[in-house]
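Numbering (the numbering used here), first residue to last: 78 to 583.
See the structure below:
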């Protein structure tokens, strides 16, 4: 090869340096990691405008959030009560894997979860600043998960109940209009604190992860006059209910869904309290919606709004008479279906996705959207393919579990449920959105059942030591009683309606 003259060699070297610098410049100008605004709502079912769960509900701010991101209209919790649902989400593990089925124990006190890395710890370990206020975990926040935990403040309930004043009823179970100003209430003060954080956190050197948890519409279901006025009592529409709705469900389903703390539907109807409770729930949802709006408005006024991922979710749904039931603690649609919305960088705007999604998918999805390494050992999957294409192929269903060996498989069109004793339910949501007609005994549905059965969890561990708080006769002693004995206890409980509800309301 003929050597180049010195002047040409210098020109070639200079040209190569310039091309290398030009190619490298986009890497040096990389976008900072996105922030995260994580919004948890307690006991909010599908009575949200963008989910069409109730024809009268007014939730303009949550609906607007859905318009700026992807709204998962077929999202479901992994457990129908607070503790196990939130543990499942924050660890991205199923209750049937951990044994965390009920309201106790605390996940930090037992194996195999005491040393598990929560979603929040994972983000802390990758350079995020974690701060929180409100209900994120069931009970006290996990100190290992946050850099800062702001204590709650503000009014939540008074000494006297308003409407559900029967002797012996649970102190939390109540509903009604209160004269406490919104600004004095706990959830408002939580939102106001979040607003202040959003004004200052963008100035920090680290990306932030702000976790905010609202207590409403969990009982007591209270709101001020402003929100009750949106729903005049004489115009409130009650959810459709069949008097014989439970005639075609297994006996174990009746036992599993008994709830000693909640009122009986018959009493709610006979006492005239049904419309009052529905009105209160609608009002509370609208109140919480306004608080979501406060935070989104504050975020939009910052310099980092375009680089902040928002995720909004609820830990489980809530029955208000459907299937003749109140509260949660079931594996039917009104308990399992929840709001789940993602918005922000990397998320298309104004999309709706009807593919099944699970709360335990939030962990890997946020990690994926924020460019973090995939977390090993979790059971959720990233929903990013559905965020990018809401109609993408997706055969994975959503699974809800209540107590060992009771699982409900929710696909795009069907709900298949199998209980501990082998009893089954099957509903076709294309023709039966209220789950009124159990098709499990129809021979024509055998193939559908077989398709869903393949998704049943392969691992079904026993309840953890200290398990308590199921409020079902099947598991009232942490699962220590045999199924046969528990069923007998449940039958006796059904035959003896709560004595307090036989008394006249004062």
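All residues carry an ideal CB built from backbone N, CA and C; glycine is no exception.
C-beta atoms of residue i and residue j nearer than 8 Å
i, j, result
"residue 274", "residue 401", "no"
"residue 289", "residue 252", "no"
"residue 437", "residue 128", "no"
"residue 439", "residue 388", "yes"
"residue 594", "residue 371", "Coverage of the chain is limited to positions 78 through 583, which leaves residue 594 absent and any answer about it impossible."
"residue 265", "residue 368", "yes"
"residue 385", "residue 111", "yes"
"residue 462", "residue 451", "no"
"residue 184", "residue 164", "yes"
"residue 157", "residue 412", "yes"
"residue 434", "residue 449", "no"
"residue 130", "residue 140", "no"
"residue 420", "residue 142", "yes"
"residue 390", "residue 408", "no"
"residue 296", "residue 351", "no"
"residue 493", "residue 529", "yes"
"residue 325", "residue 482", "no"
"residue 427", "residue 316", "no"
"residue 500", "residue 300", "no"
"residue 484", "residue 506", "no"
Separation of residue j from residue i, as counted between CA atoms
i, j, result
"residue 186", "residue 195", "14 Å"
"residue 549", "residue 287", "35 Å"
"residue 247", "residue 394", "20 Å"
"residue 147", "residue 198", "26 Å"
"residue 512", "residue 486", "14 Å"
"residue 235", "residue 429", "40 Å"
"residue 171", "residue 404", "22 Å"
"residue 200", "residue 453", "14 Å"
"residue 159", "residue 311", "33 Å"
"residue 379", "residue 272", "10 Å"
"residue 457", "residue 442", "9 Å"
"residue 175", "residue 479", "13 Å"
"residue 161", "residue 392", "9 Å"
"residue 303", "residue 496", "44 Å"
"residue 206", "residue 374", "22 Å"
"residue 76", "residue 281", "Residue numbering for the chain in the displayed model covers 78 to 583; residue 76 lies beyond these limits and cannot be assessed."
"residue 116", "residue 208", "12 Å"
"residue 136", "residue 543", "39 Å"
"residue 154", "residue 173", "13 Å"
"residue 546", "residue 342", "21 Å"
"residue 263", "residue 270", "11 Å"
"residue 381", "residue 279", "6 Å"
"residue 314", "residue 222", "42 Å"
"residue 106", "residue 509", "Unreliable placement is indicated for residue 106, whose pLDDT of 36 sits below 50; no coordinate value is reported for it."
"residue 102", "residue 541", "At residue 102, the pLDDT of 29 sits below 50, so the modelled position is not reliable and the matter cannot be decided from this model."
"residue 328", "residue 520", "21 Å"
"residue 526", "residue 347", "38 Å"
"residue 410", "residue 204", "38 Å"
"residue 138", "residue 239", "29 Å"
"residue 349", "residue 396", "17 Å"
For residue i, three-class secondary structure by DSSP
i, result
"residue 419", "strand"
"residue 190", "coil"
"residue 377", "helix"
"residue 223", "coil"
"residue 179", "coil"
"residue 363", "helix"
"residue 505", "strand"
"residue 584", "Outside the shown range of the chain, which is 78 to 583, sits residue 584, and nothing can be said about it."
"residue 351", "helix"
"residue 525", "helix"
"residue 391", "strand"
"residue 400", "helix"
"residue 434", "strand"
"residue 185", "helix"
Supposed contact pair residue j and residue i - C-beta distance, whole angstroms, cut 8 Å
i, j, result
"residue 476", "residue 532", "7 Å"
"residue 254", "residue 291", "About 19 Å separates the two Cβ atoms, so there is no contact after all."
"residue 488", "residue 474", "4 Å"
"residue 345", "residue 357", "Their Cβ separation, rounded to whole angstroms, is 12 Å, which puts residue 345 and residue 357 out of contact at 8 Å."
"residue 425", "residue 464", "7 Å"
"residue 431", "residue 150", "5 Å"
"residue 284", "residue 422", "Actually they do not touch by this definition, with Cβ atoms about 12 Å apart."
"residue 125", "residue 447", "Incorrect: roughly 26 Å between the Cβ atoms, too far for contact."
"residue 293", "residue 119", "7 Å"
"residue 210", "residue 227", "4 Å"
"residue 231", "residue 256", "That belief does not hold up - the Cβ atoms of residue 231 and residue 256 are roughly 15 Å apart, past 8 Å."
Check: residue i C-beta below 7 Å from any heavy atom of the ligand GTP
i, result
"residue 289", "For the ligand GTP, the structure offers nothing, since it holds no ligand at all."
Whole alpha helix (DSSP H) elements within the segment 233-269, 4-residue minimum:
none
Enumerated in chain order, which unbroken segments of the alpha helix (DSSP H) with a length of 4 residues or greater are wholly contained in the segment 275-332?
302-305
What are the complete alpha helix (DSSP H) segments, minimum 4 residues, inside the segment 120-170?
137-144 and 159-168
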